[in-house]
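Working notes for the structure below.
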Amino acid sequence: YAPDPASQKVSTIGGNIGENSGGPRCLKYGVTSNHVLGMKMVMADGEVVDVGGPALDPPGYDVRGLVVGSEGCLGVATEITVRITPKTESVITMLAIYDDMSHAARSVADIMRAGIVPLTLEMMDNTIIQAVEKGGSCGYPIDAAAVLIIEVEGVSTGLQEQADKVNEICMATQCREVRVAKNQAERDLLWKGRRGAFGAICNLSPNYLVNDGCVLRSDLPEVLKKVKETADEFGCPVGNVFHAGDGNLHPLLMFDSRNEKELEQVHKAGWEIMKICAEFGGTISGEHGIGHEKRDAMHMVFSGNDLNTQRRVKLALDPDNVMNPDKVIPLPPEGESKLPDTKPSVLKRLGGGQATGVSEAMELIKTAGSENKAVRPSGNGTFNGLGNMPSQQAIVIDSLKMKDFIEYDQDNQFITVGSGVTLAALQEKLGENNQWLPIRPPFFKPESTTGSIAAMAAVGPERLAYGAPRDMLLGLQYIDSSGSMVSAGGKVVKNVAGYDMTRLMTGSLGTLGFITETTWKISTRPEICKLVSAAGTFENCFKTALKVVNSNLLAALITVVPEDGAFKLLIGFEGLEMVVDSQIERCSEVMHAHGLGESEQTEYPVVEGCLGGIFETIWKAPYVIQADVVIEKGTDFHNQMKKIAPTSHTLLDVGGGRIYAGFDSLKAEQWSQLDSLARQCQGHVRILKASEDFAKKEDMFGSYRQEWRLSHLLKKALDPQGTFSPGALPGRV
66 YAPDPASQKV
76 STIGGNIGEN
86 SGGPRCLKYG
96 VTSNHVLGMK
106 MVMADGEVVD
116 VGGPALDPPG
126 YDVRGLVVGS
136 EGCLGVATEI
146 TVRITPKTES
156 VITMLAIYDD
166 MSHAARSVAD
176 IMRAGIVPLT
186 LEMMDNTIIQ
196 AVEKGGSCGY
206 PIDAAAVLII
216 EVEGVSTGLQ
226 EQADKVNEIC
236 MATQCREVRV
246 AKNQAERDLL
256 WKGRRGAFGA
266 ICNLSPNYLV
276 NDGCVLRSDL
286 PEVLKKVKET
296 ADEFGCPVGN
306 VFHAGDGNLH
316 PLLMFDSRNE
326 KELEQVHKAG
336 WEIMKICAEF
346 GGTISGEHGI
356 GHEKRDAMHM
366 VFSGNDLNTQ
376 RRVKLALDPD
386 NVMNPDKVIP
396 LPPEGESKLP
406 DTKPSVLKRL
416 GGGQATGVSE
426 AMELIKTAGS
436 ENKAVRPSGN
446 GTFNGLGNMP
456 SQQAIVIDSL
466 KMKDFIEYDQ
476 DNQFITVGSG
486 VTLAALQEKL
496 GENNQWLPIR
506 PPFFKPESTT
516 GSIAAMAAVG
526 PERLAYGAPR
536 DMLLGLQYID
546 SSGSMVSAGG
556 KVVKNVAGYD
566 MTRLMTGSLG
576 TLGFITETTW
586 KISTRPEICK
596 LVSAAGTFEN
606 CFKTALKVVN
616 SNLLAALITV
626 VPEDGAFKLL
636 IGFEGLEMVV
646 DSQIERCSEV
656 MHAHGLGESE
666 QTEYPVVEGC
676 LGGIFETIWK
686 APYVIQADVV
696 IEKGTDFHNQ
706 MKKIAPTSHT
716 LLDVGGGRIY
726 AGFDSLKAEQ
736 WSQLDSLARQ
746 CQGHVRILKA
756 SEDFAKKEDM
766 FGSYRQEWRL
776 SHLLKKALDP
786 QGTFSPGALP
796 GRV
C-alpha cells in the first residue's frame, strides 16, 4: 500500500481517508485518493452504503473520490478497499547537503524538470536538523543550511544512471555533497530523522503550529524567503521540513502556549503564510485539511459560489448537518442561507468567464434554465450517445470555441486548456517540449476534445502505468445550472481545500454542469515505447498476464486479444531504452515459461500507442460494452460472456480488469445476463454503443445499485431543475 503519511505508526486508514493523507512517497505514487477503490459507509441517516469496490470506475459519480478528503463531513467509512502495488526491485537513497536552502529548492525544480520522478524529495532546514540531531544522531550534518532526502526506485537496470543524474543536477545547483546510503540500516536512520522531525521540535520549543500550504515547485525559493520574513515579523522561530517534490510546505512555527501574546502572534503568522501560498497561485492546505481552524481561509481560494456549491454537496448527503457540523465550509452570514457571491480574496484564477466562448455558453445555459429547457454539453459530438438516452429533448451546447491554451508551465508540469482543445492539439503543443498527457482514450478520434476526456473519465490500458483522468486532473472550471462559474481544485499537485469537486465532475457525463476548462498534470515523454507479444491459448495468455501484473516488471499496459483463431498477449513497456530492453528480455522469459509461442518486439509511437486499430475494429460493431471486474475474474467474465452472446471482437485489459467487446446484436435478456455476470465477478458493465430502439428501453448501466441513490441526491442538489442531460445518469435520472 503506497501512501506513507509520517503519522503512519499511529494514524488509521480511516483517518487517512478523512484527510486524503499524503506522505513522502506520494510524489511518485499519489495521495490516498489515488489508492482507494471503495468503502462501506454509514450515511447521516444511518443507511449503510457500499461505494465503489474492487473493480474500477463504477457507474455514477465518483462518490468515493468526493468522500476522500471530506474530513468526515459526508459519512463515516467503516470498511475500506485499497489498491496494493507490487514492490519495486531496487531503491537508492541519497542525502544531498546544502549551504543555502534556496540552492536545495533549485535542485528540486531541476530534478523534476529533467523528467526524473523520484520516489521521494524531502527537505529539512537547519532548524529541523538541529532539533533532530539533539534527539540522537541520524547522520545529518548540523552545519548544513538544508538537506534533501532523495530516493529513486525501479528495476535495477538503469537505476544507478538515474541516481547519477540526480547527483549531477544537485552538484550543478551548488550542493555541498551527496551521500548515498550504503545499506538498509543507513537508509532507515535517514528516514528515522525525517519521520520524527515534528516530534523533535520538543527539543527546541514547548509548542508549534504547522501550516501545510502547497505552491508550485519553482516558487519554493521565493515562498520560503517570505515564510521566514513572516515568521520574523511575528516573532516566531520557524523550522521547515516538507515534501519539496510537490511543493507542499510544512513551516513549523514555534511558540509557548502559556504566553498569550505568543499564541496570538503565531496564529497571525499562520494566517499570513496561507495568504502567501494563495498569492503564489497555490492552496491553503495540501494534506492536513481545513477543519474549523482554516475554515474562514477558504475565502482566500474560492468564490462565494464555489463555497455555496460545496455546501449543497454537504446538505445533499447530510441534510441535518450532523456529520462534523460546520467544518470545512465557511458559514453564511447570520440569517442568510448562503454566502454572498464574492471572488476569492487572494487567489487569482486565469480563464473562467473571460476565456473564449465561455460567456456565450453561460448565457445560453441561463436562458435554458429560465425557460425550463434541458441542455446537453458536447465536444465535437463523437460521444453524444454515451450514457442513457435523455428523458427529454435537449439543446446541444458545444465547447468548440473554447480553444484557449490558458496556462502552460512546462517546469511545473501542468497545463490549463479550454475544454474545446482537441487531444491532438494538446499533445502537439506539449510535444514541443518533449512532454505529453499520458492518456490514450479508446475510440477517440484526433478531433475529440480534452473536455470529453474529463466528462467521460476516458482512459485506455496505459492506466496501469500512468493512472486515469481522476489522477491527472488538478482542477477544472464549469458552468452550473444557474449559468454561473464554479471552480474546483487548482494547479498544484496536492490540494485538500474543501471537497474534491474535481473528482465529482470527472466522469459525470455532462449531467452536473458544462466543463469549460481543465488543468492537467503532464509528464515527460518516455524515451521509447516497445511492445512484446506472443500467441497461445486464452488460459495461458491470461495466466502470463496475471504473472506480469503482480511482478515488479512495471509494464505500461497488459492486454489479451483474439487473433487467427487463437489469442495474443500484448505487453507494452515505456521509459528509458536501456530499462525497456531489460524489461522486455525478462518478460519474454515469463511468456516462454508459461507456454506461449515465440515472442515478437515492435516499437510504437508515444501518443498514438499500439492499440488504436483494435479499438477501431471493436467500435465498428453495432453494440459495444465495457465491463470492469476484479482482475483475476477477467477470464471468468470473458469465457461466460461468449456463451451469453457471440462477440465480433474483444480486448481484455488485464492490468485494469477491463473488457471491451463488440456484438453484432444484443437482446434485452442477454444484456441482463451480462449485468448479472459482471456482479458475480465483483464488478459492473455498461453499454457504450447500442441501437436507438435498445437505448430507449434499457438502462445502459445495468440493474439498479444502492450507491446510485447518492449520485441521484447530488444531481438533485447541484442541478435542481434537471437542466443538464436529464435521464442520462444510471437509473435514468
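Remember, this note's numbering sits 65 above the position in the sequence shown when you count from 1. C-beta atoms are modelled at their ideal positions from N, C-alpha and C, and glycine is treated no differently.
Query: Can you tell me whether residue 357 is buried or exposed? The criterion is at least 16 other CB atoms within 10 Å of its CB, across all chains shown.; Result: exposed
Query: Does DSSP classify residue 728 as helix, strand or coil?; Result: strand
Query: To which residues of the same chain is residue 632 closer than 6 Å at the C-beta, ignoring the five residues directly before and after it?; Result: 603, 606, 625
Query: Where does the unbroken beta strand (DSSP E) through residue 240 begin, and where does it stop?; Result: 240-245
Query: For residue 498, collect the residues of the same chain with a Cβ closer than 6 Å to its Cβ; drop the 5 residues on either side in sequence, then sort them by chain order.; Result: 475
Query: Beta-carbon separation of residue 160 and residue 212 under 7 Å?; Result: yes
Query: Among 147, 763, 77, 116, which has the Cα closest to the Cα of residue 456?; Result: 763
Query: Short of 8 Å in beta carbon distance, which residues of its chain neighbour residue 554, apart from the five on each side in sequence? Order them along the chain.; Result: 538, 539, 540, 541, 560, 565, 566, 567, 584
Query: Please name the residue or residues paired with residue 353 in a DSSP beta bridge.; Result: Paired residues: none, contrary to the question.
Query: Among all the DSSP beta bridges, which residues are the ones paired with residue 472?; Result: 481
Query: Taking only the alpha-carbon atoms, compute the straight-line gap between residue 249 and residue 256 and give it to the nearest angstrom.; Result: 10 Å
Query: Does the count of Cβ pairs from the region 612-631 and the region 572-580 closer than 8 Å reach three?; Result: no
Query: So if DSSP puts residue 588 in a beta bridge, which residue, or which two residues, is it bridged to?; Result: 501
Query: From which residue to which residue does the alpha helix (DSSP H) around residue 152 run?; Result: Careful: residue 152 lies outside any alpha helix (DSSP H) and carries neither H nor E.
Query: Taking residue 130 as the reference, give the member of 743, 573, 683, 713 with the closest Cα.; Result: 573
Query: Please classify residue 103 as buried or exposed, where buried requires at least 16 other C-beta atoms within 10 Å of its C-beta.; Result: buried
Query: I need the straight-line Cα distance from residue 645 to residue 658, nearest angstrom please.; Result: 20 Å
Query: In angstroms with no decimal places, state the Cα-to-Cα distance between residue 664 and residue 715.; Result: 21 Å
Query: Would you be able to state if there are at least three C-beta pairs under 8 Å between the region 208-226 and the region 178-194?; Result: yes
Query: Alpha helix (DSSP H) containing residue 430: first to last residue?; Result: 423-435
Query: What is the DSSP secondary structure of residue 598, reduced to helix, strand or coil?; Result: strand
Query: Rounded to a whole number of angstroms, what is the C-alpha to C-alpha distance between residue 505 and residue 395?; Result: 40 Å
Query: List in chain order: all unbroken beta strand (DSSP E) runs of 3+ residues lying wholly within the region 303-347.; Result: 303-308, 316-320
Query: Anyone know if the C-beta pair for residue 334 and residue 295 falls short of 7 Å?; Result: yes
Query: How do the region 111-122 and the region 70-84 stand: do at least 3 beta-carbon pairs fall below 8 Å, yes or no?; Result: no
Query: Relative to the alpha-carbon of residue 193, which residue among 399, 263, 528 has its alpha-carbon at the smallest distance?; Result: 263
Query: First and last residue of the alpha helix (DSSP H) that includes residue 81?; Result: 78-84
Query: If we ignore side chains and look at the alpha-carbon of each, how far apart do residue 787 and residue 780 end up?; Result: 8 Å
Query: Three-state secondary structure (DSSP) at residue 672?; Result: coil
Query: With distances taken between CB atoms, is the gap from residue 464 to residue 488 smaller than 7 Å?; Result: no
Query: Could you give the first and the last residue of the continuous alpha helix (DSSP H) run that contains residue 742?; Result: 733-745
Query: By the three-class DSSP mapping on this structure, what secondary structure does residue 679 have?; Result: helix
Query: Look at the alpha carbon of residue 688 and the alpha carbon of residue 433, and state the distance between them as a whole number of angstroms.; Result: 33 Å
Query: So the alpha helix (DSSP H) residue 564 belongs to, where does it begin and stop?; Result: Counting along the chain, residue 564 falls outside any alpha helix (DSSP H), and DSSP gives it neither H nor E.
Query: Could you pull out every unbroken alpha helix (DSSP H) segment of at least 4 residues lying fully inside the region 485-538, listed in chain order?; Result: 488-496, 515-521, 528-531, 534-537
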